[in-house]
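Q: Numbering (this note's numbering), first residue to last: 1 to 321.
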C-alpha cells in the first residue's frame, strides 16, 4: 500500500517554537465526498461582483462536536479560468476540518472571464466581510477568521493574509465598513506569485505588466503585519513546485511572522481530490496551527535550544534530512 509521510516545520516566533512532526499512514483514495454529517447552508448571496451574485456555502460542525467558533473561508483553484465553491477537494477538506470543530465557508469569486483582476481579490475581501458581519449568525467569533486557498485560490488567501488594513484591495462587493482583516492564512499548494498565474493580465505588457504582477503577488507584502500563515504542499506536485511554499515560509519566518509548513511525501497537486489520508494529515496540521495560535492560544512545547529543521527556536523550513 502506498505510504504518505508528513514533515512539518513550525516557525519560532514569540511564544512559538519549531516542532518537526512525522506521520506515516496508508493512503486511502476515494471520489470527492458529499458533506456527510455536516449541516450545510447553500448558495447564500454574500455580495455582488458587477452584475453577478456572489455565492457561498456554510458548513457547520457535526452534532456532537464542540464548535471552536472559528471560521475558515475556502477559495477554489483553477488558474482563475475555471472552478467553483463546490469543488470536491474543498468538500473533502471541510468534512475533515468540520469534524475538528471548525465552521467552514466555501465562497465563489469571479473567474477571469467574468471580471478582470483585481475582481478576484475584491470578491475575496467581500466574502471575509460577509463572514465577519454574520459571525454571530453562523456561530463563530468575529475575531477568529482564517482564509484558505487552493492553487490559484491560494494566491488569493495569501494576498488576503498580507493586505490586512489596505483599503485599495477592498472593492465594492458588500458590507462596506466591515473589516476584511483575517487572523490567519492557509495556502494549500498555493500559487505564491502572480508571475505564475498565466493570463492574469492579458492586456498589459512591459513595465505595466511587471508593476501589476508585483502588486498582485502575495510575496510583495511580506512583513511583520502579515497574518500568521500555514502552508500545505505535496512533494510530488509538478504543477506548483513545493519549493515555492518552502521559500514563502522561510521569508515569513525571517520577517518574524508566525508560520508553519507541512510537506506531504508523495502527494501531487490537488491531492485532496482523492487521497483522504492526506486530507486528514492536512486537517490535523491546520488544527494544530490554528488551535494553538488563535482558538486557544498557548505556546508550543520546546524541543531544545538549537535552530535548524530539528526544532528549537529559529528553525527554517526546507531543511530536510
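Beta carbons: idealized from backbone N, C-alpha and C, even for Gly.
Being a predicted model, the structure only gives us computed values, none of them experimental.
1) Restricting to Cα atoms, I'd like to know which of 245, 54, 40 is closest to residue 46.
2) Mind reading off the beta-carbon distance from residue 151 to residue 190? Whole number of angstroms is fine, and I expect it under 8 Å.
3) At the level of alpha carbons, what is the spacing between residue 271 and residue 167?
4) Spatial neighbours of residue 204 within its chain, please: CB distance less than 6 Å, with the 5 preceding and 5 following residues excluded, ordered by chain position.
5) If you compare alpha carbons, which of 175, 154, 195 is closest to residue 185?
6) Going straight from the alpha carbon of residue 264 to that of residue 187, what length do you get?
7) Helix, strand or coil: which one does DSSP assign to residue 43?
8) Grab me the residues of residue 120's own chain with a C-beta within less than 7 Å of its C-beta, minus the 5 sequence neighbours each way, in chain order.
9) Using beta-carbon positions only, say whether residue 67 and residue 38 come within less than 8 Å of one another.
10) On the three-state DSSP scale, how would you describe residue 269?
11) Excluding the five sequence neighbours on either side, which residues of its own chain have a C-beta within less than 7 Å of the C-beta of residue 84, listed in chain order?
12) Measuring alpha carbon to alpha carbon, tell me which of 97, 59, 117, 116 ends up nearest residue 137.
13) In angstroms, rounded to a whole number, what distance separates the CA positions of residue 274 and residue 89?
14) Quick check on residue 254: buried or exposed, where buried means 16 or more other Cβ atoms within 10 Å of its Cβ?
15) Determine, using beta-carbon pairs with one atom in the segment 170-181 and one in the segment 123-142, whether at least three such pairs fall under 8 Å.
16) Just the Cα atoms here: how many angstroms apart are residue 215 and residue 63?
17) In chain order, what residues of the same chain have a beta carbon less than 6 Å from the beta carbon of residue 235, not counting five sequence neighbours either side?
18) What three-state label does DSSP hand residue 92 in the structure shown?
19) Is the distance from the Cβ of residue 206 to the Cβ of residue 115 below 8 Å?
20) Report the CB separation of residue 105 from residue 73 in whole angstroms; it is logged as a contact under 8 Å.
21) Can you list, in chain order, the stretches of the alpha helix (DSSP H) that have 4 or more residues and sit fully within the segment 174-222?
22) By Cβ distance below 8 Å, which residues in the same chain neighbour residue 139 in space, the five residues on each side in sequence not counted?
23) In its own chain, which residues sit with a C-beta less than 7 Å from the C-beta of residue 210, not counting the 5 before and 5 after it?
24) Out of 141, 132, 93, 78, which has the shortest C-alpha to C-alpha gap to residue 113?
25) Tell me which residue opens and which closes the alpha helix (DSSP H) that residue 250 is part of.
26) Could you give the DSSP three-state label for residue 233: helix, strand or coil?
27) By DSSP's criteria, residue 357 is part of a beta bridge. Which residues make up the other side?
28) Starting from the C-beta of residue 94, find all residues in its chain whose C-beta is less than 6 Å away, skip the five residues before and the five after it, and write them out in chain order.
29) Please confirm whether residue 287 and residue 158 have their CB atoms less than 8 Å apart.
30) Quick check on residue 128: does DSSP put it in helix, strand or coil?
31) For residue 263, which of helix, strand or coil comes out of DSSP?
32) Beta-carbon within less than 6 Å of residue 160's beta-carbon, same chain only, minus the 5 sequence neighbours each way: which residues are those?
33) Return the CA-CA distance between residue 163 and residue 260, expressed in angstroms with no decimal places.
A: So, from the listed chains and residues:
1) Locating residue 46 in the chain shown gives position 46, where the first residue counts as 1. That would be 54, whose Cα lies nearest to the Cα of residue 46.
2) Reading the chain shown from its first residue, position 151 is the one you call residue 151. Reading the chain shown from its first residue, position 190 is the one you call residue 190. Their Cβ separation, rounded to whole angstroms, is 7 Å, which keeps residue 151 and residue 190 in contact under 8 Å.
3) Taking the chain shown and counting its residues from 1, the one referred to as residue 271 is at position 271. Taking the chain shown and counting its residues from 1, the one referred to as residue 167 is at position 167. Each residue's Cα considered, the two are about 35 Å apart.
4) Along the chain shown, one-based indexing puts residue 204 at 204. Here the set comprises 212.
5) Indexing the chain shown from 1 puts residue 185 at position 185. Looking at the Cα atoms, 154 is the closest of the given residues.
6) Indexing the chain shown from 1 puts residue 264 at position 264. Indexing the chain shown from 1 puts residue 187 at position 187. A straight line joining the alpha-carbon of residue 264 with that of residue 187 spans about 14 Å.
7) Within the chain shown, residue 43 is the residue found at index 43, counting from 1. Residue 43 carries a strand assignment under DSSP once its states are collapsed to helix, strand and coil.
8) Position 120 of the chain shown holds residue 120. Around residue 120: 80, 109, 110, 156.
9) Here residue 67 is taken as the residue at index 67 of the chain shown, counted from 1. Here residue 38 is taken as the residue at index 38 of the chain shown, counted from 1. No, Cβ-Cβ distance for residue 67 and residue 38 is not below 8 Å.
10) By one-based count along the chain shown, residue 269 stands at place 269. Coil.
11) Position 84 of the chain shown, counted from the first residue, corresponds to residue 84. The residues 76, 108, in chain order, have a CB closer than 7 Å to that of residue 84 in the same chain once the five nearest residues on each side in sequence are set aside.
12) The residue labelled residue 137 in the question sits at position 137 within the chain shown. Nearest C-alpha to residue 137: 59.
13) Stepping through the chain shown from its first residue, residue 274 is reached at position 274. Stepping through the chain shown from its first residue, residue 89 is reached at position 89. In a straight line, the C-alpha of residue 274 is about 8 Å away from that of residue 89.
14) Within the chain shown, the letter at position 254 stands for residue 254. Residue 254 counts as exposed, since fewer than 16 other C-beta atoms from the protein chains shown sit within 10 angstroms of its C-beta.
15) By the C-beta criterion, the segment 170-181 is judged to be in contact with the segment 123-142, since at least 3 inter-stretch pairs fall below 8 Å.
16) The residue you call residue 215 lines up with position 215 of the chain shown. The residue you call residue 63 lines up with position 63 of the chain shown. Approximately 43 Å, taken between the alpha carbons.
17) The sequence position of residue 235 within the chain shown is 235, counting from 1. 242, 263, 265.
18) Counted from its first residue, the chain shown places residue 92 at position 92. When secondary structure is reduced to three states using DSSP, residue 92 falls in the helix class.
19) For the purposes of this step, residue 206 is identified with residue 206 of the chain shown, where counting begins at 1. For the purposes of this step, residue 115 is identified with residue 115 of the chain shown, where counting begins at 1. For residue 206 and residue 115, no; Cβs fall outside 8 Å.
20) Within the chain shown, residue 105 is the residue found at index 105, counting from 1. Within the chain shown, residue 73 is the residue found at index 73, counting from 1. Between residue 105 and residue 73 a beta carbon distance of about 5 Å is seen, short of the 8 Å cut, so the two are scored as contacting.
21) Runs of alpha helix (DSSP H) with 4 or more residues, each lying fully within the segment 174-222, are found at 206-216, listed in chain order.
22) Position 139 of the chain shown holds residue 139. Within the same chain, residue 139 has close Cβ partners 60, 67, 69, 103.
23) As a working note, residue 210 is residue 210 in the chain shown. Excluding sequence neighbours, residue 210 sits near nothing in its chain.
24) Working through the chain shown from its first residue, we reach residue 113 at position 113. In terms of CA proximity to residue 113, 78 leads the group 141, 132, 93, 78.
25) Translated into positions along the chain shown, residue 250 becomes position 250. Residues 242-254.
26) Position 233 of the chain shown, counting from 1, holds the residue named residue 233. Annotated three-state conformation of residue 233 is strand, per DSSP.
27) Look at the range of the chain in this structure, 1 to 321, and you will see that residue 357 is not part of it.
28) Position 94 of the chain shown, counted from the start, is the residue given in the question as residue 94. Within the same chain, residue 94 has close Cβ partners 59, 104.
29) Walking along the chain shown from the start, residue 287 turns up at place 287. Walking along the chain shown from the start, residue 158 turns up at place 158. No.
30) The residue labelled residue 128 in the question sits at position 128 within the chain shown. Assignment of residue 128 by DSSP, reduced to helix, strand and coil, places it in the helix class.
31) Residue numbering aside, residue 263 sits at position 263 when the chain shown is read from its first letter. Residue 263 falls in the strand class under three-state DSSP.
32) Residue mapping note: residue 160 aligns to position 160 of the chain shown, counting from 1. Closer than 6 Å at Cβ, skipping near neighbours: 124, 147, 182.
33) In the chain shown, the residue the question calls residue 163 occupies position 163. In the chain shown, the residue the question calls residue 260 occupies position 260. Going by C-alpha positions, residue 163 is about 19 Å away from residue 260.
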